[in-house]
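Top line first, the protein sequences correspond to chains A and B. Here the first sequence is numbered in this note's numbering, starting from 108 and rising by one per residue. Here the second sequence is numbered in this note's numbering, starting from 2 and rising by one per residue. Ideal Cβ positions, reconstructed from N, Cα and C, are used throughout, including at glycine. If you're wondering where the values come from, they're calculated on a predicted model, not measured in any experiment. Everything on this sheet refers to the single structure shown next.
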Amino acid sequence: MNIGKSVVIKGELNGSEDLTIEGRVEGKIEIKDHSLTIGSNGKIKAQVFAKALIVLGEVNGNIAASEIVEIRDGGSVDGDIVSPRVAIAEGAHFRGSVDMQRKAGQESTPPKPASPGARQAQMPGQVAQPTVR
Amino acid sequence: MVLSDFFARLRGDDDVTASGGTDGLIKPTKVLTRFLAGLDASQHPVLLDLGPVVGSNVTFFGGEVGCKILIEDLSKDIERHVSQSKIAELPDFFEQRFPQDSETVSGILCWDIFDYLERAAADRLARQLTRVLQPGGVLLAFFSTADPQSTIHPTYTRHVVVDRSHLEYRPYKAARAKQRPLLNRDIQRLFEPLRVTENFLLKTHQREVLFRKPAQTAQVPFESPLAMR
Numbered sequence: 108m109n110i111g112k113s114v115v116i117k118g119e120l121n122g123s124e125d126l127t128i129e130g131r132v133e134g135k136i137e138i139k140d141h142s143l144t145i146g147s148n149g150k151i152k153a154q155v156f157a158k159a160l161i162v163l164g165e166v167n168g169n170i171a172a173s174e175i176v177e178i179r180d181g182g183s184v185d186g187d188i189v190s191p192r193v194a195i196a197e198g199a200h201f202r203g204s205v206d207m208q209r210k211a212g213q214e215s216t217p218p219k220p221a222s223p224g225a226r227q228a229q230m231p232g233q234v235a236q237p238t239v240r
Numbered sequence: 002m003v004l005s006d007f008f009a010r011l012r013g014d015d016d017v018t019a020s021g022g023t024d025g026l027i028k029p030t031k032v033l034t035r036f037l038a039g040l041d042a043s044q045h046p047v048l049l050d051l052g053p054v055v056g057s058n059v060t061f062f063g064g065e066v067g068c069k070i071l072i073e074d075l076s077k078d079i080e081r082h083v084s085q086s087k088i089a090e091l092p093d094f095f096e097q098r099f100p101q102d103s104e105t106v107s108g109i110l111c112w113d114i115f116d117y118l119e120r121a122a123a124d125r126l127a128r129q130l131t132r133v134l135q136p137g138g139v140l141l142a143f144f145s146t147a148d149p150q151s152t153i154h155p156t157y158t159r160h161v162v163v164d165r166s167h168l169e170y171r172p173y174k175a176a177r178a179k180q181r182p183l184l185n186r187d188i189q190r191l192f193e194p195l196r197v198t199e200n201f202l203l204k205t206h207q208r209e210v211l212f213r214k215p216a217q218t219a220q221v222p223f224e225s226p227l228a229m230r
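Here you go:
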């Protein structure tokens, strides 16, 4: 499924199929058993829970992926990543923390934001990230 | 190898520009192994990397060494201050730069960032790094020993871990050149109360230094039992 670049979503986005976002999403994205692609036009200001995440656009918020997070050339992530595999291309922007040991989506306590950008993305009512061991 | 290099090789691209990720010089490092040994003391090490993000380093430190990695690319901060002609504000900026709580980081990779700083900024940065480092934690830094050349094209360096005893040096364009090198005693004073545990002067006019924060000494009680008698 595709969310086009003129679409703006504020709130919670849940799904049970692979998703590509070219538009803007603010809030929370949860497609835990599927892949999420943030296209080059996509701008995300949200916590993201997915099986696999590919970032070509911008993500501002914490990410938990049970398989892999890939930040491709030109992609940008400001936030904390929890995933067993993380691939960051040269030319990608990343600021935050990477934790490859913790299991994504295990428990929930709010982590400290790694960066001012990540801090901005934490909104009231959002589900917190998996806890530190 | 980072993803972009991997895809470039698959395509058979030979002409990859320096900024786009050409393979740089691979040089031996004596201090990295000892830095990694220093992290072993921590059960769940937290690593603060002050260099530009390198995908293969994230895999190495996150997967192989088992660290949680915090990326804080200071070269971007320097670039921004240079481009906005606000380099004099860098010392104050460093004072507020690190959101980490005190003594929460097991290891810090400074790479060669101190070569690009004037003394005031270096002082403030070192103070913040010693604050966030845990007792027993380790800090790795490289210092140039050669006078900065008046180069037309200054560069930063991506330090890519090849293995535990080799680093690849990948230069990329910078707006600011290296500053005057620090003397050995200035380096020691800069990071007090950290102690220099390894100091290697390489043939490449680079000093590799490993610092360790002394473990906390036992707290002396405010009122000793003797005094209460």
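Whether residue i touches residue j by CB criterion (8 Å)
{"i": "Ile49 of chain A", "j": "Ile151 of chain A", "result": "A query on residue 49 of chain A cannot be resolved here, the shown segment of chain A reaching from 108 to 240 and no further."}
{"i": "Lys139 of chain A", "j": "Ala157 of chain A", "result": "yes"}
{"i": "Gly138 of chain B", "j": "Ser107 of chain B", "result": "yes"}
{"i": "Glu193 of chain B", "j": "Val210 of chain B", "result": "no"}
{"i": "Glu137 of chain A", "j": "Asn109 of chain A", "result": "no"}
{"i": "Leu202 of chain B", "j": "Thr146 of chain B", "result": "yes"}
{"i": "Ala176 of chain B", "j": "Ser84 of chain B", "result": "yes"}
{"i": "Val263 of chain B", "j": "Gln101 of chain B", "result": "The requested residue 263 of chain B is not part of the displayed model; chain B covers only 2 to 230."}
{"i": "Thr105 of chain B", "j": "Val59 of chain B", "result": "no"}
Given residue i as reference, the closest of the options once Cα atoms are compared
{"i": "Ser57 of chain B", "options": "B:Val162, B:Arg181, B:Leu183", "result": "B:Val162"}
{"i": "Ser190 of chain A", "options": "A:Ser204, A:Ser113, A:Leu126", "result": "A:Ser204"}
{"i": "Ile109 of chain B", "options": "B:Leu141, B:Gly137, B:Ser145", "result": "B:Leu141"}
{"i": "Ala171 of chain A", "options": "A:Ile116, A:Ser142, A:Ile110", "result": "A:Ser142"}
{"i": "Lys69 of chain B", "options": "B:Asp50, B:Ser76, B:Glu209", "result": "B:Asp50"}
{"i": "Leu163 of chain A", "options": "A:Gln154, A:Asn169, A:Ile145, A:Val176", "result": "A:Ile145"}
{"i": "Glu90 of chain B", "options": "B:Arg186, B:Glu119, B:Leu195, B:Leu130", "result": "B:Glu119"}
{"i": "Ala159 of chain A", "options": "A:Ser183, A:Gly182, A:Leu126, A:Glu165", "result": "A:Leu126"}
{"i": "Pro92 of chain B", "options": "B:Ser84, B:Arg213, B:Glu104, B:Asp78", "result": "B:Asp78"}
{"i": "Leu130 of chain B", "options": "B:Gly25, B:Thr60, B:Leu191, B:Leu33", "result": "B:Leu191"}
{"i": "Asp185 of chain A", "options": "B:Glu80, B:Glu73, B:Arg81", "result": "B:Glu73"}
Exposed unless 16 or more other CB atoms sit within 10 angstroms - verdict on residue i
{"i": "Leu126 of chain B", "result": "buried"}
{"i": "Glu174 of chain A", "result": "exposed"}
{"i": "Leu184 of chain B", "result": "exposed"}
{"i": "Met207 of chain A", "result": "buried"}
{"i": "Asn167 of chain A", "result": "buried"}
{"i": "Val114 of chain A", "result": "exposed"}
{"i": "Lys117 of chain A", "result": "exposed"}
{"i": "Ala38 of chain B", "result": "exposed"}
{"i": "Glu124 of chain A", "result": "exposed"}
{"i": "Asp113 of chain B", "result": "buried"}
{"i": "Ala199 of chain A", "result": "buried"}
{"i": "Asp187 of chain A", "result": "buried"}
{"i": "Gly111 of chain A", "result": "exposed"}
{"i": "Ala122 of chain B", "result": "buried"}
{"i": "Gln97 of chain B", "result": "exposed"}
{"i": "Glu65 of chain B", "result": "exposed"}
{"i": "His206 of chain B", "result": "exposed"}
{"i": "Ala9 of chain B", "result": "With a pLDDT of 41 at Ala9 of chain B, under the threshold of 50, the modelled position of that residue is not reliable, and the figure given next carries that caveat. The residue in question, Ala9 of chain B, is buried, as its Cβ has 16 or more Cβ neighbours within 10 Å."}
{"i": "Asn121 of chain A", "result": "exposed"}
Enclosing beta strand (DSSP E) for residue i [first to last residue]
{"i": "Asp50 of chain B", "result": "47–50"}
{"i": "Gln180 of chain B", "result": "No beta strand (DSSP E) contains Gln180 of chain B, which DSSP labels as neither H nor E."}
{"i": "Gln154 of chain A", "result": "150–162"}
{"i": "Gln101 of chain B", "result": "First-last for Gln101 of chain B: undefined, no H or E at that position."}
{"i": "Val197 of chain B", "result": "196–202"}
{"i": "Thr30 of chain B", "result": "Segment: none, Thr30 of chain B is in no beta strand (DSSP E) and carries neither H nor E."}
{"i": "Ala147 of chain B", "result": "Unbroken run through Ala147 of chain B: none, as it is neither H nor E."}
{"i": "Tyr170 of chain B", "result": "167–174"}
Contact belief for residue i with residue j at Cβ below 8 Å, rounded distance in angstroms
{"i": "Phe99 of chain B", "j": "Asp116 of chain B", "result": "In fact, because the Cβ distance is near 20 Å, the residues do not count as touching under 8 Å."}
{"i": "Ala153 of chain A", "j": "Val176 of chain A", "result": "In fact, because the Cβ distance is near 15 Å, the residues do not count as touching under 8 Å."}
{"i": "Ala178 of chain B", "j": "Pro149 of chain B", "result": "6 Å"}
{"i": "Gly52 of chain B", "j": "Val193 of chain A", "result": "Incorrect: roughly 16 Å between the Cβ atoms, too far for contact."}
{"i": "Pro172 of chain B", "j": "Thr156 of chain B", "result": "4 Å"}
{"i": "Lys28 of chain B", "j": "Tyr170 of chain B", "result": "6 Å"}
{"i": "Glu165 of chain A", "j": "Ser183 of chain A", "result": "5 Å"}
{"i": "His82 of chain B", "j": "Phe95 of chain B", "result": "No, His82 of chain B and Phe95 of chain B are not in contact; Cβ-Cβ is about 10 Å, not under 8 Å."}
N- and C-terminal bounds of the alpha helix (DSSP H) containing residue i
{"i": "Ile79 of chain B", "result": "75–84"}
{"i": "Gly56 of chain B", "result": "56–60"}
{"i": "Thr131 of chain B", "result": "120–133"}
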